[in-house]
Amino acid sequence: MDINVFNRIVKKLKKGKQEYFSQFYDLTKKSVYYSILSIVGRKEDAEDLMQDTYVVFINGLENITENKNGYYYLLQIAKNKAINHYNRAKRECLTEDFSHYESGQQLDVYRDLDYLRSKLSEEEWYYIEHCVILGFKQKEIAQMLSLPTSTVGYKYNKVIEKSRKIYEEVR
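The structure is reproduced here in C-alpha coordinates:
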(Lines of atoms letter the chains of each structure in order from A and count residues from 1; the text may use other names and numbers.)
(Lines give C-alpha, C1' and ligand atoms only; values in the text may rest on other atoms or scores of the structure.)
Protein backbone atom coordinates (compact mmCIF):
# COMPACT_ATOMS: atom_id res chain seq x y z
CA MET A 1 0.00 0.00 0.00
CA ASP A 2 1.22 3.46 -0.86
CA ILE A 3 1.31 5.65 2.24
CA ASN A 4 1.32 8.82 0.11
CA VAL A 5 -1.96 7.85 -1.56
CA PHE A 6 -3.41 7.05 1.86
CA ASN A 7 -2.36 10.46 3.22
CA ARG A 8 -3.86 12.30 0.21
CA ILE A 9 -7.19 10.54 0.68
CA VAL A 10 -7.18 11.27 4.42
CA LYS A 11 -6.58 14.98 3.69
CA LYS A 12 -9.62 14.98 1.41
CA LEU A 13 -11.71 13.21 4.04
CA LYS A 14 -10.61 15.75 6.65
CA LYS A 15 -11.93 18.50 4.33
CA GLY A 16 -15.33 16.81 4.41
CA LYS A 17 -15.15 15.15 0.99
CA GLN A 18 -17.01 11.97 1.97
CA GLU A 19 -17.04 10.70 -1.63
CA TYR A 20 -13.44 9.56 -1.06
CA PHE A 21 -14.42 7.13 1.67
CA SER A 22 -14.97 4.23 -0.74
CA GLN A 23 -11.48 4.76 -2.15
CA PHE A 24 -10.13 4.93 1.43
CA TYR A 25 -12.00 1.75 2.33
CA ASP A 26 -10.78 -0.16 -0.73
CA LEU A 27 -7.20 0.85 0.03
CA THR A 28 -7.29 -0.30 3.66
CA LYS A 29 -9.94 -3.02 4.02
CA LYS A 30 -7.68 -6.06 3.64
CA SER A 31 -5.13 -5.04 6.22
CA VAL A 32 -7.80 -3.90 8.70
CA TYR A 33 -9.79 -7.11 8.21
CA TYR A 34 -6.84 -9.47 8.60
CA SER A 35 -5.41 -7.60 11.58
CA ILE A 36 -8.75 -8.04 13.34
CA LEU A 37 -9.31 -11.62 12.15
CA SER A 38 -5.87 -12.67 13.39
CA ILE A 39 -7.00 -11.75 16.90
CA VAL A 40 -10.70 -12.63 17.07
CA GLY A 41 -10.69 -15.67 14.76
CA ARG A 42 -14.28 -15.32 13.54
CA LYS A 43 -15.20 -13.74 10.21
CA GLU A 44 -18.49 -12.34 11.50
CA ASP A 45 -16.81 -10.66 14.47
CA ALA A 46 -14.05 -9.29 12.24
CA GLU A 47 -16.60 -7.74 9.88
CA ASP A 48 -18.49 -6.10 12.77
CA LEU A 49 -15.29 -4.78 14.32
CA MET A 50 -14.20 -3.40 10.94
CA GLN A 51 -17.27 -1.20 10.86
CA ASP A 52 -16.55 0.05 14.35
CA THR A 53 -12.92 0.71 13.40
CA TYR A 54 -13.84 2.89 10.44
CA VAL A 55 -16.41 4.83 12.46
CA VAL A 56 -13.85 5.60 15.17
CA PHE A 57 -11.22 6.54 12.58
CA ILE A 58 -13.53 8.88 10.64
CA ASN A 59 -14.79 10.48 13.86
CA GLY A 60 -11.19 11.04 14.95
CA LEU A 61 -9.87 12.53 11.70
CA GLU A 62 -9.12 15.82 13.44
CA ASN A 63 -6.54 13.98 15.57
CA ILE A 64 -4.46 13.04 12.53
CA THR A 65 -1.77 15.51 11.63
CA GLU A 66 0.59 15.40 8.67
CA ASN A 67 3.41 14.24 10.95
CA LYS A 68 1.33 11.39 12.36
CA ASN A 69 1.03 8.15 10.44
CA GLY A 70 -2.71 7.80 9.90
CA TYR A 71 -2.43 4.31 8.53
CA TYR A 72 -0.73 3.09 11.68
CA TYR A 73 -3.44 4.90 13.69
CA LEU A 74 -6.15 3.03 11.72
CA LEU A 75 -4.51 -0.34 12.32
CA GLN A 76 -4.01 0.44 15.99
CA ILE A 77 -7.73 1.19 16.34
CA ALA A 78 -8.51 -2.14 14.65
CA LYS A 79 -6.08 -4.03 16.87
CA ASN A 80 -7.40 -2.41 20.06
CA LYS A 81 -11.02 -3.12 19.13
CA ALA A 82 -10.15 -6.75 18.35
CA ILE A 83 -8.23 -7.22 21.61
CA ASN A 84 -11.06 -5.67 23.62
CA HIS A 85 -13.58 -7.92 21.87
CA TYR A 86 -11.41 -10.99 22.41
CA ASN A 87 -10.93 -10.23 26.12
CA ARG A 88 -14.63 -9.49 26.62
CA ALA A 89 -15.61 -12.76 24.90
CA LYS A 90 -13.09 -14.67 26.99
CA ARG A 91 -14.60 -13.26 30.18
CA GLU A 92 -18.15 -13.97 29.05
CA CYS A 93 -17.77 -17.69 28.53
CA LEU A 94 -16.44 -19.81 31.31
CA THR A 95 -15.86 -22.78 29.07
CA GLU A 96 -14.06 -22.68 25.77
CA ASP A 97 -16.25 -23.21 22.75
CA PHE A 98 -14.36 -23.77 19.54
CA SER A 99 -17.39 -24.63 17.41
CA HIS A 100 -16.91 -21.46 15.34
CA TYR A 101 -13.71 -22.86 13.81
CA GLU A 102 -14.29 -24.51 10.48
CA SER A 103 -11.78 -27.32 10.99
CA GLY A 104 -9.34 -28.78 13.48
CA GLN A 105 -6.47 -27.68 11.26
CA GLN A 106 -7.56 -24.05 11.45
CA LEU A 107 -7.68 -24.38 15.24
CA ASP A 108 -4.06 -25.58 15.15
CA VAL A 109 -3.06 -22.45 13.23
CA TYR A 110 -4.60 -20.17 15.85
CA ARG A 111 -3.08 -22.18 18.67
CA ASP A 112 0.34 -22.07 16.98
CA LEU A 113 0.06 -18.32 16.42
CA ASP A 114 -0.91 -17.77 20.05
CA TYR A 115 2.03 -19.88 21.18
CA LEU A 116 4.42 -18.03 18.88
CA ARG A 117 3.07 -14.71 20.14
CA SER A 118 3.70 -15.77 23.73
CA LYS A 119 7.33 -16.63 22.95
CA LEU A 120 8.15 -13.39 21.11
CA SER A 121 8.65 -9.89 22.45
CA GLU A 122 6.22 -7.12 21.45
CA GLU A 123 8.71 -5.81 18.91
CA GLU A 124 9.30 -9.26 17.42
CA TRP A 125 5.57 -9.94 17.18
CA TYR A 126 5.11 -6.55 15.49
CA TYR A 127 7.37 -7.69 12.63
CA ILE A 128 5.57 -11.04 12.27
CA GLU A 129 2.15 -9.41 12.42
CA HIS A 130 2.90 -6.64 9.95
CA CYS A 131 5.11 -8.52 7.45
CA VAL A 132 3.55 -11.96 7.48
CA ILE A 133 -0.08 -11.51 8.55
CA LEU A 134 -0.86 -8.03 7.25
CA GLY A 135 1.46 -8.19 4.25
CA PHE A 136 3.35 -4.95 4.70
CA LYS A 137 6.59 -4.54 2.82
CA GLN A 138 9.72 -3.94 4.86
CA LYS A 139 10.04 -0.53 3.24
CA GLU A 140 6.57 0.45 4.49
CA ILE A 141 7.35 -0.75 8.01
CA ALA A 142 10.58 1.23 7.92
CA GLN A 143 8.55 4.35 7.08
CA MET A 144 6.06 3.67 9.88
CA LEU A 145 8.82 3.18 12.44
CA SER A 146 11.18 5.83 11.04
CA LEU A 147 13.94 3.25 10.70
CA PRO A 148 16.28 2.41 7.81
CA THR A 149 14.93 -0.38 5.61
CA SER A 150 18.09 -2.39 6.23
CA THR A 151 17.43 -2.34 9.99
CA VAL A 152 13.87 -3.56 9.47
CA GLY A 153 15.13 -6.30 7.13
CA TYR A 154 17.72 -7.43 9.66
CA LYS A 155 15.22 -7.53 12.53
CA TYR A 156 12.64 -9.31 10.39
CA ASN A 157 15.13 -12.00 9.36
CA LYS A 158 16.14 -12.53 13.01
CA VAL A 159 12.49 -12.90 14.05
CA ILE A 160 11.79 -15.37 11.24
CA GLU A 161 14.82 -17.41 12.27
CA LYS A 162 13.67 -17.41 15.90
CA SER A 163 10.11 -18.31 14.85
CA ARG A 164 11.35 -21.29 12.85
CA LYS A 165 13.22 -22.58 15.90
CA ILE A 166 10.12 -22.16 18.08
CA TYR A 167 8.01 -23.98 15.50
CA GLU A 168 10.50 -26.87 15.30
CA GLU A 169 10.39 -27.22 19.09
CA VAL A 170 6.61 -27.56 19.02
CA ARG A 171 6.43 -30.02 16.12
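Residue numbers 18 to 188, in my numbering, belong to the letters of the sequence shown in order. Just so you know, even glycine gets a beta-carbon here, dropped at the ideal spot from N, CA and C. Please read all numbers here as calculations on a predicted model, not as lab measurements.
8 Å Cβ cutoff met for L78 and K29: no
message: Assuming K60 and L66 are in contact, meaning their beta carbons sit under 8 Å apart, how far apart are those beta carbons, in whole angstroms?
response: That pair is no contact at about 11 Å.
I145 classed as buried or exposed, judged by whether at least 16 other C-beta atoms fall within 10 angstroms: buried
message: For T70 and F153, what's the separation of their Cα atoms in angstroms?
response: 19 Å
message: Measuring straight from C-alpha to C-alpha, what distance separates Q35 and Y42?
response: 11 Å
- prompt: Is the stretch 177-184 touching the stretch 132-149, taking contact as three or more C-beta pairs under 8 Å?
  reply: yes
Nonlocal neighbours in the same chain, by C-beta distance under 6 Å from R134, ignoring five residues either side: W142
task: Could you round the C-beta distance between I100 and I150 to whole angstroms and report it? I think they count as a contact, below 8 Å.
output: The Cβ separation is near 15 Å, so there is no contact.
field: Residue burial classification, Q155 (beta-carbon count within 10 angstroms, cutoff 16)
entry: buried
- request: Return helix, strand or coil for G87, following the three-state DSSP convention.
  value: helix
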